[in-house]
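**Student:**
Number of protein chains: 2
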Amino acid sequence: MSLIVQKFGGTSVGSLERIREVAKRVAQTRAQGHQVIVVVSAIAGETNRLLALGRELSARPNEREMDVLVATGEQVSASLTALALIEIGVPACSLLGHQARIVTDHVHTKARIEKIECDRLHEALKQGSVPVVAGFQGIDHEGNITTLGRGGTDTTAVAIAAAVQADICEIYTDVDGVYTTDPNVCPSARKIGRISYDEMLELASLGAKVLQLRSVELAMKYGVPVHVRSSFNSSEGTMVIDDKSLESVVVSGVAADKSEVKLTVRGLHDQPGVVAQLFEALAERAISVDMIIQNISEQGTTDLTFTVKRDDLDKTHEITSQVASGMGARQVLVDQEIAKISVVGLGMRSHAGVASRMFRILAARGINIEAISTSEIKISCIIRQSSADDAVRALHEGFALGG
Amino acid sequence: MSLIVQKFGGTSVGSLERIREVAKRVAQTRAQGHQVIVVVSAIAGETNRLLALGRELSARPNEREMDVLVATGEQVSASLTALALIEIGVPACSLLGHQARIVTDHVHTKARIEKIECDRLHEALKQGSVPVVAGFQGIDHEGNITTLGRGGTDTTAVAIAAAVQADICEIYTDVDGVYTTDPNVCPSARKIGRISYDEMLELASLGAKVLQLRSVELAMKYGVPVHVRSSFNSSEGTMVIDDKSLESVVVSGVAADKSEVKLTVRGLHDQPGVVAQLFEALAERAISVDMIIQNISEQGTTDLTFTVKRDDLDKTHEITSQVASGMGARQVLVDQEIAKISVVGLGMRSHAGVASRMFRILAARGINIEAISTSEIKISCIIRQSSADDAVRALHEGFALGG
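Line order of the protein sequences matches chains A and B.
Straight run, no breaks: the first sequence in our numbering ends on number 764.
Straight run, no breaks: the second sequence in our numbering ends on number 764.
1) Using the Cα positions of Val493(B) and Ile365(B), report the straight-line distance between them to the nearest angstrom.
2) To the nearest angstrom, report how far apart Ser440(A) and Ala453(B) are at their CA atoms.
3) Taking only beta-carbon atoms, is Gln692(B) less than 8 Å away from chain A?
4) Tell me the residue span of the beta strand (DSSP E) that contains Met600(B).
5) What are the start and end residues of the alpha helix (DSSP H) that includes Lys676(A)?
6) Answer with yes or no whether the minimum CB distance from Leu629(A) to chain B is below 8 Å.
7) Name the chain A residues whose beta carbon is nearer than 9 Å to that of Ile437(B)?
8) For Ile427(A), is the classification buried or exposed, using 16 other Cβ atoms within 10 angstroms of its Cβ as the cut-off for buried?
9) Can you give me the C-alpha to C-alpha distance between Ser649(B) and Lys670(B), rounded to a whole angstrom?
10) Quick one: is Pro492(B) near chain A, going by C-beta distance under 8 Å?
11) Examine the Cβ distances between the segment 402 to 414 of chain B and the segment 464 to 477 of chain B and report whether three or more of them are shorter than 8 Å.
12) Three Cβ pairs or more, each shorter than 8 Å: is that satisfied between the segment 526 to 542 of chain A and the segment 583 to 596 of chain A?
13) I'd like to know whether the C-beta of Arg391(A) is nearer than 8 Å to at least one C-beta of chain B.
14) Can you pull the DSSP bridge partners for Val695(A)?
15) Counting only C-beta atoms, is His459(B) closer than 8 Å to chain A at any point?
16) Determine whether the Cβ of Glu475(A) lies closer than 8 Å to any Cβ atom of chain B.
17) When you compare each of Glu737(A), His395(A), Ile680(A), Val635(A) to Met362(A) by their alpha carbons, which one comes out closest?
18) For a cutoff of 8 Å on Cβ pairs, would you count Ser325(A) as touching chain B?
19) Going by the CB atoms, is the gap between Ile602(B) and Arg551(B) shorter than 8 Å?
20) Are any of the Cβ atoms in chain A nearer than 8 Å to that of Leu377(B)?
21) Look at the alpha carbon of Gly661(A) and the alpha carbon of Val635(A), and state the distance between them as a whole number of angstroms.
22) Can you pull the chain A residues whose beta carbon is under 9 Å from the beta carbon of Ser592(B), in chain order?
23) Using beta carbons (cut-off 8 Å, strictly below), is Leu562(A) in contact with chain B?
24) Could you please give me the residues that DSSP links to Lys552(A) through a beta bridge?
25) Is it true that the CB of Ser595(A) sits closer than 8 Å to the CB of Ile553(A)?
26) Between Ala685(B) and the rest of its own chain, which residues show a CB-CB distance below 6 Å, the 5 nearest in sequence each way excluded?
27) Going by beta carbon distance, what residues of the same chain come within less than 7 Å of Ile429(A), once the five residues before and after it are set aside?
28) Is Ser595(A) near the ligand FMN, going by C-beta to nearest heavy atom under 7 Å?
29) Just to confirm before moving on: does the CB-CB distance between Val437(A) and Thr433(B) stay below 8 Å?
30) Indicate whether Lys619(A) and Ala527(A) have their beta-carbon atoms separated by less than 8 Å.
31) With a cut-off of 8 Å, does the C-beta of Arg386(B) fall near any C-beta of chain A?
32) Starting from Glu448(A), find everything on chain C with Cβ-Cβ shorter than 7 Å and list it in chain order.
33) Taking just the CA atoms, how far does Ser557(A) sit from Asp604(A)?
34) So that I know if they touch, is there some Cβ in chain B lying closer than 8 Å to that of Cys454(A)?
35) In three-state terms, what does DSSP make of Gly369(A)?
36) What's the gap between the Cα of Thr516(B) and the Cα of Ile500(B)?
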């Protein structure tokens with residue numbers, strides 16, 4: 362008997378018919394003798410509908426209240442899933458963030474889980490019931506509702522799997538697994554059978570939308586095996602596991618990310634502490650900065666470029682403009698037309714020449730590179746968004762990733 | 362400075378535009394120097410939409426999960442109302458059942474409030490913030506979400522007003538106040554300026570939908586003055602207050618209630634304890650029985666007739682059939698085509714002849730009376746539903762209630 366966490370995304374609970382299918386799958390898993398904890402997202406489209414309501418009332422809506430508003434999405438799908446389970450004879454009970462005791466920090470709209478008090482989960486399991494946990498939501502120390510940010514239900518699922526020491530965390534989604542690149546962009550993309558946490562981490566952070574970045578971080582930290590698979594069939598998906606058991610391939614995947622925007626502060630005085638002041642101000646508002654590029658100094662001033670998520674643009678622009686004008690900078694430029702294109706592979710650690718090969722492939726297609734960032738196992742380039750799909754296909758072919 | 366509880370019903374928060382109007386009204390009340398606690402219903406139609414979703418998954422949906430599902434309705438309107446208040450510069454924070462600490466018993470879908478721990482409400486007021494409480498919902502001692510039954514937001518509002526010792530509880534609705542009868546049925550219906558708790562209690566229990574019965578009971582118990590008024594204009598509505606200050610009128614209103622159904626158990630053995638057994642079984646499932654009529658015994662068997670709310674019909678029929686067959690009764694009949702028509706007035710206590718006058722008025726219109734029930738200040742008759750509107754007009758005219 363295993364203890365299995367099964368997470369179902371927005372399309373997997375996208376209609377009452379789909380919810381009935383979810384219930385059947387859970388019942389099958391139990392019939393095989395396993396214990397199951399279910400974690401659900403909001404019904405596809407619901408979160409956006411709720412966000413739109415709130416934004417119609419306020420251009421910059423209060424974040425505490427937005428969390429209360431959007432948390433209803435997962436509350437609805439959790440109760441409906443529990444109803445569907447009970448209807449087919451499987452005892453079940455929905456648990457919201459405050460009931461499953463998913464305790465987070467105070468940062469509304471992108472809270473981080475601090476701990477999960479598992480008593481209620483264990484109690485439900487002990488009674489032979491399936492806990493159906495509303496994903497994406499938690500509660501802070503004062504009892505306020507918080508949400509974990511986009512894709513937060515993956516994080517809920519992995520965090521619960523870690524907390525209850527589940528044998529596996531299954532992520533049911535609308536794709537078969539993790540691919541070498543986006544099959545919609547590149548038809549020769551191939552499903553990856555097994556991938557390391559490290560590589561998945563890079564792919565997730567680089568725009569492969571199948572698993573949320575923080576959920577992979579958590580899975581790696583606590584060694585939770587994650588199985589990404591389709592809720593529409595029963596074929597094996599992609600196992601995300603410890604890398605020790607995997608043979609290193611030089612490049613395992615290509616990812617494109619169009620969700621970032623680029624800001625440039627022009628004419629910044631090149632003095633110690635200037636840059637720190639800006640990024641401290643951004644960190645205080647929980648804004649994650651991705652790439653940072655600072656050009657060499659010219660006559661005592663410099664240009665500083667960095668990228669953030671598009672959702673954070675308004676806040677980032679406001680903070681950056683304040684800090685920049687306080688420091689006598691000339692101008693803050695915003696560029697929303699960028700894409701980040703990346704190749705990832707554990708084997709890069711020991712193979713030279715991957716970067717130069719990437720640059721050559723892009724150059725051969727006439728694609729201009731505007732910024733570069735590297736880690737041990739990935740190389741990312743900022744290019745024009747209009748060239749992103751072309752670049753993905755070129756790199757996928759150039760690194761011979763096709764099936 | 363007064364402390365005012367303002368409750369807004371489903372049509373009052375029926376759209377974002379209406380929610381903005383609610384926010385303006387709250388802001389005006391604060392500008393007059395008062396402290397305000399807001400209580401909101403779900404957006405009109407939302408509760409029914411959610412109920413339909415759950416019922417599509419299950420013919421007899423689990424009640425715990427239905428409470429989790431429908432409670433999202435008030436969660437959405439509470440957060441939207443808080444957003445609208447903050448947008449116009451009024452500090453506000455939504456509070457759900459588990460945050461406002463509205464503690465109820467365990468009876469899902471029709472829980473009763475046991476206590477309200479006001480710390481969080483007082484704290485918000487002290488900080489100059491407007492608490493926006495999600496109506497209709499509470500939490501039981503195990504932290505499960507409960508709901509108070511239809512119209513439960515009135516109950517939430519009055520219970521909070523009692524708990525914080527508010528000066529007044531204002532019920533904003535889509536009508537101007539309490540009328541002598543339904544103006545849609547009887548055009549000469551007149552708005553009542555002041556009415557006693559006792560009379561309002563009878564009118565509410567008899568189908569005047571403007572205030573929920575339990576909220577009036579609570580208001581009477583704790584002496585909370587209730588002001589029923591329109592959210593679409595600023596005219597005075599109806600004050601519901603202690604009767605000592607009111608002159609007794611013989612008949613103050615006429616009400617029709619089409620929400621009940623009638624069950625008859627035929628051929629019940631007429632032995633001590635038989636009837637008790639049935640009504641105990643119903644009470645255990647929290648089903649309120651309204652009228653009970655038992656005919657005289659004939660050859661050792663009797664027919665027992667009683668009425669319940671239409672919503673409780675399935676449960677009631679199931680329980681009654683079980684108990685009846687266990688007692689060897691012949692048959693359980695269900696009649697869904699009834700209406701209960703009532704006249705109410707404090708003055709009845711000291712005026713004879715009201716009942717006979719009522720029966721004469723109905724007889725003159727050719728309306729047959731199928732059952733009768735009386736209290737100190739009201740007389741109710743069961744008639745065919747198709748005659749209900751006609752009966753209301755006849756009684757309203759017959760007792761000279763018109764303007």
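Glycine included, C-beta positions come from ideal geometry on N, C-alpha and C.
**Tutor:** So, from the listed chains and residues:
1) 12 Å
2) 28 Å
3) no
4) 599 to 602
5) 674 to 687
6) no
7) A quick correction: the sequence has Val, not Ile, at residue 437(B). Leu411, Leu414, Val429, Leu430, Thr433, listed in chain order.
8) Per the sequence presented here, residue 427(A) reads as Met, with Ile not at that position. Met427(A) should be labelled buried.
9) 8 Å
10) no
11) no
12) yes
13) no
14) Leu624(A)
15) yes
16) no
17) His395(A)
18) Outside the modelled stretch of chain A, which goes from 362 to 764, sits residue 325(A), for which no answer is possible.
19) no
20) yes
21) 13 Å
22) None at all; the shortest Cβ gap to chain A is about 18 Å.
23) no
24) In DSSP, Lys552(A) forms a bridge with Tyr540(A).
25) no
26) Val626, Val693
27) For the record, residue 429(A) in the displayed sequence is Val; it is not Ile. Once the five neighbours on either side are set aside, the close Cβ partners of Val429(A) are Ile506.
28) Among the ligands in the structure shown, none appear at all, so the ligand FMN cannot be discussed.
29) yes
30) no
31) no
32) Among the protein chains in the structure shown, which are A and B, there is no chain C.
33) 4 Å
34) Between Cys454(A) and chain B, the shortest Cβ-Cβ separation is below 8 Å.
35) One point to set straight first is that residue 369(A) is Phe, not Gly, in the sequence displayed. Phe369(A): strand per DSSP, three-state reduction.
36) 15 Å
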